[in-house]
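Enquirer:
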Amino acid sequence: MSTSTRPVPDRRTRKRQATRQAISDAATRLFMEQGFDRVTVDQIAEAADVGRMTVFNHFPRKEDMFFDREGEIRETMAAAIGERASGTSPIAALRLLAHRLIAERNPLIPLSEETLRFVATALASEALKARVRQLCSEFTQDLAAMLAVSAGRYTDDPDGHLAAGLMVATWCVAFAEGHKIAAQPGETDAAEATFLQLIDKGSKAVEAALAGTPYVEGVL
12 MSTSTRPVPD RRTRKRQATR QAISDAATRL FMEQGFDRVT VDQIAEAADV
62 GRMTVFNHFP RKEDMFFDRE GEIRETMAAA IGERASGTSP IAALRLLAHR
112 LIAERNPLIP LSEETLRFVA TALASEALKA RVRQLCSEFT QDLAAMLAVS
162 AGRYTDDPDG HLAAGLMVAT WCVAFAEGHK IAAQPGETDA AEATFLQLID
212 KGSKAVEAAL AGTPYVEGVL
């Protein structure tokens, strides 16, 4: 496992990060209060006390402000695969990641009562649902590349794309079913249990489909 630390960002970078966070926070508050489609970029700029072009410099599309943690999801997945323990396969690393995120009640998996409003806002907007489909497609391609690199194969390896597609589908189904339960008051624990049960089942299916490949063999 890597023990390297990230360099401390310089003042200019910190200022840029703070501005981006301020825009994101303002946008999130407005989206939750009014619904995504009713909020304008001008309203977000005013709430964040920045200019309209500053908003677009940080977020090319309004949808990017809603899904502002998408990059963090990719980084978390990449770290789970790249920093997995010796003897742990890439697919097993993703399964273990799901269990860790649930144990931490990490908002990257919004199944708690505190995060349900985020999901409800997304489901109420056709623009956001379209962006989700696009993000899933893009992420499948990125995950395929991550898995291929971890297995010492080319990024266009068919087995890598199959593994990525099956894992993304597994996580999507697990979240959708978990969210149905989480939407009922006081059912967070049951929702998380369902999510993990489906992650485990899906991971086993992927392991069976890709038996004999480095994607399911615990070799670094």
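Sequential numbering from 12 applies to the sequence shown in the working numbering. Note that the Cβ used here is the ideal one computed from N, Cα and C, for glycine as well.
#1: Cβ atoms of Glu228 and Ser100: under 8 Å apart, would you say?
#2: Could I get the ranges of all uninterrupted beta strand (DSSP E) runs contained in the stretch 66 to 96, with 3 residues as the minimum, in chain order?
#3: Do Gln28 and Pro20 count as a contact pair if the criterion is CB distance below 8 Å?
#4: Between Ile102 and Ile113, how many whole angstroms is the CB-CB distance? I'm expecting something under 8 Å.
#5: How big is the Cα-Cα spacing for Leu170 and Arg111?
#6: Could you give the distance in angstroms between the alpha-carbon of Thr14 and the alpha-carbon of Ala162?
#7: Could you tell me which uninterrupted alpha helix (DSSP H) segments, each at least 4 residues in length, are contained entirely in the stretch 112 to 141, listed from first to last along the chain?
#8: Does Ser148 come out as helix, strand or coil in the three-state DSSP assignment?
#9: Could you tell me whether the stretch 133 to 147 touches the stretch 51 to 60, where touching means 3 or more Cβ pairs closer than 8 Å?
#10: What are the start and end residues of the alpha helix (DSSP H) that includes Pro196?
#11: Go to Thr224, then tell me how far its alpha helix (DSSP H) extends in each direction, as first and last residue.
#12: Check each candidate in Cys183, Tyr165, Arg72 and name the one with the smallest Cα separation from Pro225.
#13: Could you give the distance in angstroms between the alpha-carbon of Asp75 and the alpha-carbon of Ala187?
#14: Check each candidate in Glu198, Trp182, Ala219, Ala194 and name the one with the smallest Cα separation from Phe206.
#15: Using the beta-carbon count (16 or more within 10 Å), is Asp168 buried or exposed?
Expert: Looking at the coordinates:
#1: yes
#2: none
#3: yes
#4: Not quite, the Cβ-Cβ distance comes to about 18 Å (not below 8 Å), so this is no contact.
#5: Contrary to the premise, residue 170 reads as Asp rather than Leu in this sequence. Asp170 and Arg111: Cα-Cα distance of roughly 26 Å.
#6: Low per-residue confidence applies at Thr14: pLDDT is 44, beneath 50, and the placement is therefore not dependable, though the value from the model is reported in the following sentence. Taking the CA atoms as reference points, Thr14 sits about 21 Å from Ala162.
#7: 127 to 134
#8: helix
#9: no
#10: Counting along the chain, Pro196 falls outside any alpha helix (DSSP H), and DSSP gives it neither H nor E.
#11: Thr224 -> no alpha helix (DSSP H), and no H or E assigned at all.
#12: Tyr165
#13: 21 Å
#14: When only C-alpha atoms are compared, the closest one is Trp182.
#15: buried
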